[in-house]
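Engineer: Below you will find the structure I want to go over with you.
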Amino acid sequence: MDNDLQGKKTGHRELPKRQVVLTMAGVMLAMFFASLDQTVVGTAMPRIITDLGGFAQYTWVATAYIIASTITLLIAGKLSDMYGRKWFLIGGIAVFIVGSILCGTSQTMMQLIAFRAFQGIGAGAIMGMAFIAIGDLFSPAERGKYVGLLSGVFGLSSVIGPTLGGYITDNLSWNWVFFINIPFGILIMLLFIFFFPQLRPGVRKHRVDYAGIITLILTVVPLMLALSWAGVNYDWLSFPILFTFAFSLAMLLLFIIVESRAKEPILPLWIFRNRIVSVSSLVTFILGFGMFTGIIFIPLYFQGVLGTSATASGGFLTPMMLGLVVGSVISGQVLSRAGGHYRLQGTAGIIIMALGFFLLSRMTVETSYATAVMNIAVMGFGLGITMPMYIIAVQNAVPYSVMGIATSTNAFFRSIGGALGLAVVGSLMTHRFATEFKEGLPPEVSAVVPSEQLSSIIDNPQALVSPEAQDQLRSFFESMGSQGAALFEQLLSTLREALNSALTEVFLVALGVIAVAFIANFFIKEIPLRKHL
Numbered sequence: 048m049d050n051d052l053q054g055k056k057t058g059h060r061e062l063p064k065r066q067v068v069l070t071m072a073g074v075m076l077a078m079f080f081a082s083l084d085q086t087v088v089g090t091a092m093p094r095i096i097t098d099l100g101g102f103a104q105y106t107w108v109a110t111a112y113i114i115a116s117t118i119t120l121l122i123a124g125k126l127s128d129m130y131g132r133k134w135f136l137i138g139g140i141a142v143f144i145v146g147s148i149l150c151g152t153s154q155t156m157m158q159l160i161a162f163r164a165f166q167g168i169g170a171g172a173i174m175g176m177a178f179i180a181i182g183d184l185f186s187p188a189e190r191g192k193y194v195g196l197l198s199g200v201f202g203l204s205s206v207i208g209p210t211l212g213g214y215i216t217d218n219l220s221w222n223w224v225f226f227i228n229i230p231f232g233i234l235i236m237l238l239f240i241f242f243f244p245q246l247r248p249g250v251r252k253h254r255v256d257y258a259g260i261i262t263l264i265l266t267v268v269p270l271m272l273a274l275s276w277a278g279v280n281y282d283w284l285s286f287p288i289l290f291t292f293a294f295s296l297a298m299l300l301l302f303i304i305v306e307s308r309a310k311e312p313i314l315p316l317w318i319f320r321n322r323i324v325s326v327s328s329l330v331t332f333i334l335g336f337g338m339f340t341g342i343i344f345i346p347l348y349f350q351g352v353l354g355t356s357a358t359a360s361g362g363f364l365t366p367m368m369l370g371l372v373v374g375s376v377i378s379g380q381v382l383s384r385a386g387g388h389y390r391l392q393g394t395a396g397i398i399i400m401a402l403g404f405f406l407l408s409r410m411t412v413e414t415s416y417a418t419a420v421m422n423i424a425v426m427g428f429g430l431g432i433t434m435p436m437y438i439i440a441v442q443n444a445v446p447y448s449v450m451g452i453a454t455s456t457n458a459f460f461r462s463i464g465g466a467l468g469l470a471v472v473g474s475l476m477t478h479r480f481a482t483e484f485k486e487g488l489p490p491e492v493s494a495v496v497p498s499e500q501l502s503s504i505i506d507n508p509q510a511l512v513s514p515e516a517q518d519q520l521r522s523f524f525e526s527m528g529s530q531g532a533a534l535f536e537q538l539l540s541t542l543r544e545a546l547n548s549a550l551t552e553v554f555l556v557a558l559g560v561i562a563v564a565f566i567a568n569f570f571i572k573e574i575p576l577r578k579h580l
């Protein structure tokens, strides 16, 4: 830490430097493990499926965690405004620890999914409360550097998560992917019990908005389910998807009615009349769209187009996340030292991020690893610059009494934007891939491959990402005689070119969406950062 930590005035009393340092250490550790659990499980899933079965429920292990944490962000943020942060943060860690124990002892896939949802409740409270806690400890003028550090921790955990998950699974067992949270969680809990300041927002009696909580859940859960199903389990225009979206929309309208009448709404709608909050929510939504697009589709480019292994393709996310870490730390420092010119800083970050997506869209099957790494780092650096500033801008723009829910709203829209981004660009990629493959397939290949097998390749091009599937396809062609090997290479080349064209469209769509953020950013009102809480 630095001299800013010397005798911080928090609430109504001054905190000693040691207390603030230990509190911040706990906050950063809590953020690290809560965000680590979003990525560390992925590399353990093949082993988990081997032990528990349930391949058809593969994606639900992640989906349950994301849905639960997204909903909890808003609820915990509001309740912390009413009753204080300390015990909600400690409670979130306790739920996270218990959830980790339950996940590690799961005997069936359905148990694991249910326990991951429970664990996600704790993670949502932690990730939302971590940024809110900085608002309790530091004035807006000082928060930038610490929000930047916390954003960097988020990026760092994303970098090492897949590698750590693979190492633990190979050397211990998949159960320890969850059990590793327990000792660190207990340490974090003790730090918060003894050092986190107990700040009470007021002594008046509060009324919990239960109707708002219920309608919020009934809005978000169907929305997230529809976004995860669309284009994967069902067509976008199928009845289950349309019905789920319609139900979510109906619940959203009911939620708005409930919140407009509630005495203490779970989400005070009036905060969106503040232009800084509304514009920041829109921009953060778009940045979530871009961030998750990069995280999911960059490894697919390396594995499917350039032909790297699954492990290596995940490793190529490291430049993006390191760029995010560096960008976040630099952005936070500049924000604190330069007096909070966050509109200019946001514009710079969005431009750099857009440049990164443009460079990604120019990559081909011939692109070198060095060039690809540079392009990815540029995108991550731009994203990192933007991450701290919208949190700071929102916290600086609202009264302390609603800082928790305003900060949580920022994270909530990033999660929703990411879910929408994956659904939309995933469907676009699938459609473009099928079109390009059909148009580019040489006649001599289509003449010898049964139409059913071609359809299977289009629907699930495992030959690009699975060595076993590729070997099976190669054996099929080699059984045709001397021309088989050449025909196989033509097919593989067509698959890679088709996927590259599809990913080009994905990155261009992300670029177009980022352009909307560039325009919206000009409408954010810039006010000086307060030097007091």
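Positions 48 to 580 (our numbering) are the ones given, in order, by the sequence shown.
No residue lacks a Cβ here, since even glycine has one placed at the ideal position from N, Cα and C.
Here the structure is a predicted model, which means the values were calculated and not measured.
Nearest by alpha-carbon distance to G431: which of L555, G370, K485, M298 is it?
Structural biologist: Answer by Cα proximity: G370.
Engineer: Can you give the Cα-Cα distance for T312 and D256, rounded to whole angstroms?
Structural biologist: Note that residue 312 is Pro in the sequence shown here, rather than Thr. So the alpha carbons of these two residues sit roughly 6 Å apart.
Engineer: Measure the C-alpha to C-alpha separation of F319 and L576 and round it to an integer number of angstroms.
Structural biologist: The straight-line gap from Cα to Cα measures roughly 20 Å.
Engineer: Taking the C-alpha atoms as reference points, what is the distance between G559 and L211?
Structural biologist: Their backbone Cα atoms lie some 34 Å apart in a straight line.
Engineer: Would you list the one or two residues that DSSP bridges to A277?
Structural biologist: DSSP, once it has assigned bridges, lists Y281 as partnering A277.
Engineer: Nearest CA to the CA of L542: which residue from A516, V88, F484, S378?
Structural biologist: Per the Cα distances, F484.
Engineer: Is the region 136-154 touching the region 396-415, taking contact as three or more C-beta pairs under 8 Å?
Structural biologist: The region 136-154, when compared against the region 396-415, does not touch it at the 8 Å Cβ threshold.
Engineer: Taking just the CA atoms, how far does P435 sit from L52?
Structural biologist: At L52 the pLDDT is 45, less than 50, meaning the model places this residue with poor confidence; the figure from the coordinates comes in the next sentence. The straight-line gap from Cα to Cα measures roughly 19 Å.
Engineer: So what does DSSP say about L203, is it helix, strand or coil?
Structural biologist: Three-state result, L203: helix.
Engineer: Does the beta carbon of S493 come closer than 8 Å to any beta carbon on chain D?
Structural biologist: Note that chain D does not occur in the displayed structure, where there is just one protein chain.
Engineer: Check L196 in the structure and name its three-state DSSP category.
Structural biologist: L196: helix per DSSP, three-state reduction.
Engineer: Less than 8 Å between the C-beta atoms of V425 and L391, yes or no?
Structural biologist: Result no, Cβ atoms of V425 and L391 do not sit closer than 8 Å.
Engineer: For L184, does the three-state DSSP call read helix, strand or coil?
Structural biologist: Three-state DSSP puts L184 in a helix.
Engineer: Is the beta carbon of F165 closer than 8 Å to that of V142?
Structural biologist: Yes, they are a contact pair.
Engineer: Do the region 82-97 and the region 205-224 touch if we need at least three Cβ pairs shorter than 8 Å?
Structural biologist: Result yes; three or more Cβ-Cβ pairs closer than 8 Å.
Engineer: Quick one: using the 10 Å Cβ neighbour count with 16 as the cut-off for buried, is K310 buried or exposed?
Structural biologist: K310 comes out exposed.
Engineer: In chain order, what residues of the same chain have a beta carbon less than 6 Å from the beta carbon of N228, not counting five sequence neighbours either side?
Structural biologist: Around N228: F80, S147.
Engineer: Do the region 530-548 and the region 487-498 meet, that is, are 3 or more Cβ pairs less than 8 Å apart?
Structural biologist: Output reads yes: the region 487-498 touches the region 530-548.
Engineer: For G389, which residues from the same chain have a beta carbon less than 8 Å from its beta carbon, with the 5 sequence-adjacent residues on both sides left out?
Structural biologist: Looking at the sequence itself, residue 389 is Tyr, so the reference to Gly does not match. For Y389, where only same-chain residues beyond five positions count, the Cβ hits under 8 Å are L382, M436, Y437, I439, A440, I571, E573.
Engineer: Return the Cβ separation of F339 and G468 in integer angstroms, given the expectation that the two are a contact with Cβ distance under 8 Å.
Structural biologist: The Cβ separation is near 5 Å, so the contact holds.
Engineer: Can you check whether the CB of N457 is closer than 8 Å to the CB of T365?
Structural biologist: Their beta carbons are not under 8 Å apart, which means T365 does not touch N457 by this criterion.
Engineer: Just tell me which of T86, A470, S548 has its CA closest to the CA of K280.
Structural biologist: The amino acid occupying residue 280 in the given sequence is Asn; Lys does not appear at that position. Of the listed residues, the one whose Cα sits closest to N280 is A470.
Engineer: First and last residue of the alpha helix (DSSP H) that includes S378?
Structural biologist: That run of the alpha helix (DSSP H) goes 365-384.
Engineer: Would you mind sorting G100 into buried or exposed? The rule is 16 or more other CB atoms within 10 Å of its CB.
Structural biologist: It is exposed - the Cβ of G100 has fewer than 16 other Cβ atoms within 10 Å.
Engineer: Specify the secondary structure class of L62 as computed by DSSP and reduced to three states.
Structural biologist: L62 falls in the strand class under three-state DSSP.
Engineer: Shortest alpha-carbon distance to A564 belongs to which of F344, L511, S328?
Structural biologist: Ranking the options by Cα distance to A564, first place goes to S328.
Engineer: Quick check on this structure: which residue in G195, M129, V200, G379 has the alpha carbon closest to the alpha carbon of M75?
Structural biologist: Measuring from the Cα of M75, the nearest candidate turns out to be V200.
Engineer: Is R60 buried or exposed, if buried means 16 or more other CB atoms sit within 10 Å of its CB?
Structural biologist: Confidence at R60 is low in this model, with a pLDDT of 49, below 50, so the placement of that residue should be treated as unreliable; the coordinate-derived value is given next. With fewer than 16 other Cβ atoms within 10 Å, it is exposed.
Engineer: Does the region 268-277 come close enough to the region 106-120 to have 3 or more Cβ pairs within less than 8 Å?
Structural biologist: Judged by Cβ distances under 8 Å, the region 268-277 makes contact with the region 106-120, as three or more pairs qualify.
Engineer: Whole angstroms are fine: how far does the CA of G473 sit from the CA of R521?
Structural biologist: Each residue's alpha carbon lies about 28 Å from the other.
Engineer: Output yes or no for whether 8 Å exceeds the beta carbon distance between M367 and L197.
Structural biologist: Not a contact, by the Cβ cut-off of 8 Å.
Engineer: Give the list of continuous beta strand (DSSP E) stretches no shorter than 3 residues that lie fully inside the region 290-322.
Structural biologist: The region 290-322 contains no whole beta strand (DSSP E) run of 3 or more residues.
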